[in-house]
Ligand SMILES: Cc1ncc(C[n+]2csc(CCOP(=O)(O)OP(=O)(O)O)c2C)c(N)n1
Ligand SMILES: Cc1ncc(C[n+]2csc(CCOP(=O)(O)OP(=O)(O)O)c2C)c(N)n1
Ligand code: SF4
Ligand code: SF4
Ligand SMILES: [Mg+2]
Ligand SMILES: [Mg+2]
């Protein structure tokens, strides 16, 4: 049983609030749901729409099936989306919304009450008992407004149209950025610097909110160059530090990334992708920056790139990344996208309760920041903690951190830095496989496509060809050990990516010698839907 | 017959002048020679040395053999380099140089005359007749100083020690940056913006010198971000435009590169590599930024990367790059390094006499900057030339250059941009093969290693294993057509690169499925010498 | 003509009157329409060129000015105007702002100064007043607000003005003068943002702005004038130095280097400088 | 102790006396040596920290200031000094210069201002005088020189001074005051570059510099004072505002967020802002 609603209209008409409030209530009421949005790079006007899929089982993707309900706040929504209504679907016309607004004005003194009324109407449609709200603590919505929505649902015969049982074992819901911010805090992050950029800005918001009354600091920088250098300064000074941005802002951080590599300063960099090049489509989604992140910064130094496929992975990997960055003393990247950032979902997995922290040894004045060791790793100290002077340098340097032009030392320092990637091997995040264990076809994917691909593969199961999905949430480094358990030899491999050039397929080839047989690519700025993807897959399988 | 001289001392002691003056005279006298330098990132002090290899045949690399002559301006030079003197080699001690300085002071009123005297001494050693100078126009060196050098040579029994015939058919000599600047001017370049950065700065110098009295402009920008955007502005306004920098400065240009890709604005970017990460070794050499340049800029768009292997290739490819950038309306990259930039060599190949220029059509007010065509290419216009308004946009845009969020148009625009890479295929620069035509082993290399590898392969010829060298001066795109003529199947492939991770080998794998059997990598900041490389090759071949 | 509904600004946005003003200034300029180029960055203000019948290069956030510099150097015959928001021109693009002025080029810099990052939904910009709160700064702005007018005067701009979106006629004459002035000209335009700036509204500005009759006597007087903010805000040309000369530029477009230039190159000595 | 010959500056370079001054200031500071951190960029001046017994982060060209900001925000207990050249602090790093001042942090900005890009062999820097020629500018500098002192005052810096490498005692007291001042302090240090600046030599400066007794009365007077250059150059503290308060910072290092913070996070609403 599921019920998918689309609410569309102009930016500023309130659909955003409807989605937020609905997802807030759905989670409090323990409904499984998935919500995402399709919005323009403007503050008012244009055409935006918000999509909420409510179900009895966990859902983590857009089904792509005809809508069960379309709420049109304007005629454009009617024009674009009414045709996508299922046969038994409910269409709420702009006229009907106007009627509700009329009541909102009369009864509640303003049209904004309509948002909550629409939420009530949707809840009524999925058979949510009206008396449920009183029992829930901290429901911010105005109960009278909600009731008015229920009334309309009854009046229009929508109440209980598609009864859905609230079966979620938790009330935890997050959007992707929130999961990342939470993970970062769990990873001991205490410093973030940033410059606003869609779709990364809300990570800064979540951190700055916590910073209000906890030992965490967020600083809005004058530009991204400053942001990354501030974060490096803070990391050097003793705090686990974070920056987050999108492609264009990340472009400006490149030299800082290289500086992190050379000075061996731990740093976490979240890159929330949107379609490029240049300004591109600022509020849409793409996976076009894998290669860009993989080779960010001039010169050579080790790095890892995580590309979480779910809220839980986002949280866990954000947390882990701080451990790995400190352990390897190098920049670690988290690659997400607008789709993951802007999707709100229930998270049933447990939230780790332990906050991991950076530990410093204690050192005397003989301390050398870049002591040559077998592992390539030198002990990390922070200034002012003991007699040790902490000297770091962007030039090639000696063990003490002093500028050097000794070319044989150069060779040893290059090898020291590269050697640290051994640490990354120990920390490998294995890819996850779902589907038929003895598959003939493997659908390889990475990052935010995970749960879309998984549902699509489930959907085509039993269609004759045994199919599995292999998802990489660590996209670099890639090692043979990561794929060995899945025995890819002799299987047909299909890759799914949200870009035009199949960047991950290229990387698989370069790193592991794996050739992909077919590439499924999408690059119009939208995510795949389950239906769309399963149809394409079926074509390849028949 | 050849004669290799090393002149070493502290920065500021005049070795640089000796090299410059010597190479100036050698070229005027039609000697074949190759000169390069090893210098520190400081203005005075430290230990620098300059190396000049004079020969009867063309030479384009350091032989790596013991020096025929070492001139030590300080005791460090004696300490480091005297042991590398050939058995019959000539050592000029700091004491002897002091003697010459004494004469310089007495006879010419200052120690700086010593530089020219040393040049005279070297010329005497290779048997250059002293009366030759009078016949040569425009010899800037002071003949009296030169004569004093000849005198010393006679006094110390060095005159005619190793007679070398001047056999060069021309007097053209360039350093790598000069060849690039010349090529750019021949390519119709009229605008350059830049911010000083070793080893790219002298490209700016050469252009600004020409700009003094020709229709060319050089603007020193406040930073590299500004430089790349100025160049894009100038290109949009109608001029073929250039920027040049090194890794750190290029890091700052990333967003501008992406802007060039999105707006389809032609631009040439020279990246003169030096060892990274970060500030690294500012005055040394490396090939560590291939991947960085290959994936520079967020988002996806076509590009080509040239990596010239000789002065002539530098000139020809710099010239060609402007044609290709205009033809493909995309950024084109030239990847060089400190070694090529700082090496002075004779160039016997012809210099093209035709300056290629950008041609504009004439358009009326119906002009659309991004008209969709079969080739992906839309006609280029410049503002103010006719009634056409020229509108370019960093957002995704429609044919007119207006911002759009039409997602099906997005798809077409992505495909339009990617389609333009067909143009690059037509313009492919084939790799060059030298050595045994029926080789069992192929030594693959790219960029500035070309002539070192070629000489090394020549040197090991006849050693049992038939060996050839395959050099790529177009490192991207790589197509099967580029390697087909060389029939690599079943051959042993060895790659030579000046970096620690074998970046080109990875690219060969990804793009062409070619696996390299052995990688020869060097990353201490110095180039390979012929001797060193041939020894390593022999080890692999035996 | 651009249809009002095609414009991606919020109803009531201060950019609408500025656009109207600009449209009529451009129409009346003694320069053919095809010889005017607008550059812009990214932000609400930076969308301006899309809503005018003009050549434009809508570039990156913060980079309107180097584009303008490149265009002007390449084509002295063009009238070059850089348009962007306060975040773009003074925040991300702050370095270009100070150094572009130093170049003494005849370009016009126009800023829609709404004291907020509009397009990214309301964060502090460099000109945001002290203590203002928003989603990224729940504690309130700690930074000293940047005064673009003082900064431009200090950097040596010969024409520095402030306009207000609520005073269209006045704004029109100021912008026109700025464009016609031979030298770097700044007009910082107070632009109410009805969606995110609830403090510096039309009303707030209306209560404070007053028109100055003529530019201040000298730089120091101009700086004093520019500093006034909380109770009285002067608009108009605050500083003008008619004696300032802008840089001489040569014609490049349509010309070509000659063989001699190439020969000069062949004979150029290598230099001791990388 | 750092051996003189380990130092990569030219004999006679103005950075040597500055280094000596700095060494003795740091030694005498009422702060333990391990609590002082220098940041620097890239250039000759930026090598300074290597020649002192101090914690340092020698970062990228132009980026000494954001490093200093990050360190200070993370560790208010540290004394943070950013050291670099004129090209670094005012050219490549110009945006950080103006915005760092706005942040009202207790950090000290020191610049070896030699009016030239030293390390890259003599190109014009933002402070190079008009008409000066060099290998990248054979025609002579066309740009208006940037006055760091005026710029800092305009941006709101509460302590702005100029020093001269040829006046060691005076320089020492100015730098000491700057470091001890609670708030953003700039000392722009006139530093002769004996290799590339043949105009602004020791002699040139000696003929012109004079010491001011006390800071100017107010910002406008300070700006007037700062403008003097060609014949008389005032050195000393030109502007000082003791009433300025620098930003309150909280202790972060050694603390950890609690479970409540995490719970707060779990309950935070999603926002309408990306
Ligand atoms: C490099 C980069 N960083 C950040 C952004 C995101 N961004 C777009 S517009 C903007 C701020 C706009 O503020 P302002 O320039 O004042 O213009 P307004 O929208 O207020 O008119 C930001 C931060 C971007 N596009 N590019
Ligand atoms: C991003 C970047 N651009 C350019 C350079 C090259 N570079 C190194 S130092 C320097 C100029 C130094 O001038 P200044 O800061 O005045 O220091 P000085 O050497 O004069 O003390 C430049 C341009 C660089 N290291 N990084
Ligand atoms: S957000 Fe503000 S500046 Fe942007 S269009 Fe709306 S009112 Fe105008
Ligand atoms: S070049 Fe100038 S600034 Fe650099 S060390 Fe030499 S004298 Fe000092
Ligand atoms: Mg704004
Ligand atoms: Mg300097």
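Protein chains in written order, with this note's numbering: chain G, 37 to 578; chain W, 37 to 578; chain C, 813 to 1086; chain Z, 813 to 1086.
Even for Gly, the Cβ is constructed at its ideal location relative to N, Cα and C.
Treat the numbers as computed from the prediction; the structure is a model and nothing was measured.
Cross-chain neighbours of residue i in chain W, by beta carbon under 8 Å
i	result
residue 932 (chain Z)	232, 233, 234 and 237
Unbroken beta strand (DSSP E) run spanning residue i, endpoints
i	result
residue 576 (chain W)	Element bounds for residue 576 (chain W): not the beta strand (DSSP E) but the alpha helix (DSSP H), 566–577.
residue 56 (chain W)	Here residue 56 (chain W) belongs to no beta strand (DSSP E); instead the alpha helix (DSSP H) covers 51–64.
residue 46 (chain W)	38–47
residue 309 (chain W)	303–309
residue 949 (chain Z)	Run containing residue 949 (chain Z): none; DSSP gives neither H nor E here.
residue 73 (chain W)	68–74
Member of the options whose CA lies at the smallest distance from the CA of residue i
i	options	result
residue 101 (chain G)	G:155, G:42 and G:189	G:42
residue 386 (chain G)	G:402, G:502, G:349 and G:544	G:349
residue 1040 (chain C)	C:1024, C:913, C:994 and C:1081	C:1024
residue 430 (chain G)	G:291, G:471 and G:317	G:291
residue 896 (chain Z)	Z:1048, Z:881 and Z:875	Z:875
residue 334 (chain W)	G:357, G:288 and G:499	G:288
residue 191 (chain W)	W:156, W:39, W:79 and W:237	W:156
Alpha carbon of residue i to alpha carbon of residue j, nearest angstrom
i	j	result
residue 71 (chain G)	residue 65 (chain G)	15 Å
residue 396 (chain W)	residue 413 (chain W)	14 Å
residue 934 (chain Z)	residue 946 (chain Z)	7 Å
residue 144 (chain G)	residue 560 (chain G)	42 Å
residue 513 (chain W)	residue 326 (chain G)	19 Å
residue 891 (chain C)	residue 239 (chain G)	42 Å
residue 925 (chain Z)	residue 898 (chain Z)	5 Å
residue 434 (chain G)	residue 443 (chain G)	11 Å
Element boundaries [alpha helix (DSSP H), containing residue i]
i	result
residue 976 (chain C)	No alpha helix (DSSP H) contains residue 976 (chain C), which is instead part of the beta strand (DSSP E) from 971–976.
residue 378 (chain G)	374–378
residue 1071 (chain C)	1071–1079
residue 912 (chain Z)	906–914
CB contact flag (residue i, residue j, <9 Å)
i	j	result
residue 955 (chain C)	residue 916 (chain Z)	yes
residue 465 (chain G)	residue 342 (chain G)	yes
residue 572 (chain G)	residue 550 (chain G)	no
residue 856 (chain C)	residue 930 (chain C)	yes
residue 304 (chain W)	residue 329 (chain W)	no
residue 905 (chain C)	residue 255 (chain W)	no
Chain C contact residues for residue i, given Cβ-Cβ distances below 9 Å
i	result
residue 1080 (chain Z)	Here the premise fails: no neighbours, minimum Cβ distance about 11 Å.
residue 245 (chain G)	947 and 950
residue 315 (chain G)	854, 870, 871, 872 and 873
Interface residues of chain Z facing residue i [CB-CB closer than 9 Å]
i	result
residue 915 (chain C)	954, 955 and 956
Cross-chain neighbours of residue i in chain C, by beta carbon under 8 Å
i	result
residue 86 (chain G)	Here the premise fails: no neighbours, minimum Cβ distance about 16 Å.
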